[in-house]
Amino acid sequence: MIKNIIFDLGGVILNINFQLAAESFKKLGLEDFEGLYSKATQTKLFDRLEKGLISNEEFYAEIRDLSGINMSDSQIDQAWNSLILDFPPARLQLIKDLRKNYKLFLLSNTNRIHADYYNKDLINNHNIDDLDSIFDKVYYSHDIGLRKPDNAPFEYLLNDQNIKPNESLFIDDALPNILTANQMGINSIFINLDNGHDVLDLFENGKLNIYE
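In terms of our numbering, the sequence shown opens at residue 42 and continues consecutively.
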């Protein structure tokens, strides 16, 4: 029986579009942003950012060095955050409904710049203080210093919560992350965005449609 559900954030709960960031940086003169960062791959700069190993200021400086363009911090912020779209209200309601029946966790590869941005959106547009307030616990990569698809962030969460892999379900839109969870004995569901999958389709009346 599933007792715990572990959600990814971007593409599962929060709508995002990587192409919008590439287009925004291109307007600033950085032609090949996708070569630095995309859903499929990213450079060490973004790995360090998502593991909390560099400050926002160091990130801005390295973007300027890599691009050779004198962008301001605010320009970089705006372009970088442009990939973040919106929280569909139905998905936020789903999280609230599911907490009546499961322990819920968020495991996200993210960074301080994005987290500040989407948590502000929650306050301004949904009257929700932050993601911490609707999950039992949130695990951001920049806080724990670990990124999917490595085993380590999954192990960290399981150990921190003292929960069993076979009683847990992981939901993500990135196949490498799903494969890691499977190898660790965690039940998992791949949200294939290209095929129009939506996390809402997996549940009914605050309960899973499968695994029960």
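We put the CB at the ideal spot given by N, CA and C, even for glycine.
Fair warning: this is a prediction, and the values are worked out from it, not measured in the lab.
Between the Cα of residue i and the Cα atoms of the options, which residue gives the shortest distance?
i    : options                : result
E91  : P194, L249, E245, D201 : P194
L28  : E196, L135, I117       : Absent from the model: residue 28. The displayed extent of the chain is 42 to 253, so no value can be given.
N152 : N45, N218, L94, R140   : L94
H183 : L145, S115, D157       : D157
P217 : D191, L241, Y197       : D191
G247 : N168, L133, L199, S174 : L133
Y159 : E103, N111, S123       : S123
F87  : W121, D114, N228       : W121
F100 : D114, I110, G109       : D114
I54  : L172, L220, E196, I219 : L172
Q119 : V240, I154, I136       : I154
Do you know offhand how far residue i's Cα is from residue j's?
i    : j    : result
L107 : S65  : 16 angstroms
L148 : A222 : 12 angstroms
K85  : E75  : 14 angstroms
R105 : K205 : 44 angstroms
H238 : F128 : 16 angstroms
F59  : G226 : 30 angstroms
I185 : E208 : 23 angstroms
D213 : N166 : 25 angstroms
N97  : K68  : 21 angstroms
S174 : L234 : 27 angstroms
A81  : E103 : Only weak support exists for where A81 lies, its pLDDT of 49 falling under 50; the value from the coordinates is given anyway. Going from the Cα of A81 to the Cα of E103 covers about 21 angstroms.
I43  : P130 : 25 angstroms
L163 : D170 : 7 angstroms
L126 : Q224 : 32 angstroms
N228 : Q202 : 17 angstroms
L61  : D242 : 26 angstroms
N45  : Y143 : 5 angstroms
D49  : N200 : 18 angstroms
L179 : A215 : Residue 179 is actually Val in this sequence, not Leu. Approximately 19 angstroms between the Cα atoms of the pair.
N111 : D138 : 47 angstroms
Y181 : G109 : 30 angstroms
Going by the beta-carbon positions, is the gap between residue i and residue j smaller than 8 angstroms?
i    : j    : result
L210 : D177 : no
F244 : N250 : yes
L198 : I47  : yes
G52  : I232 : yes
N150 : R89  : no
Answer with yes or no whether the minimum CB distance from residue i to chain C is below 8 angstroms.
i   : result
M42 : Of the protein chains in the structure, only one exists, and it is not chain C.
| Residue ranges of each alpha helix (DSSP H) within the segment 137-186, 4 or longer | 153-167, 182-185
At 4 residues or longer, and completely inside the segment 53-112: list those alpha helix (DSSP H) runs for me, N to C.
-> 59-68, 74-77, 85-91, 97-108
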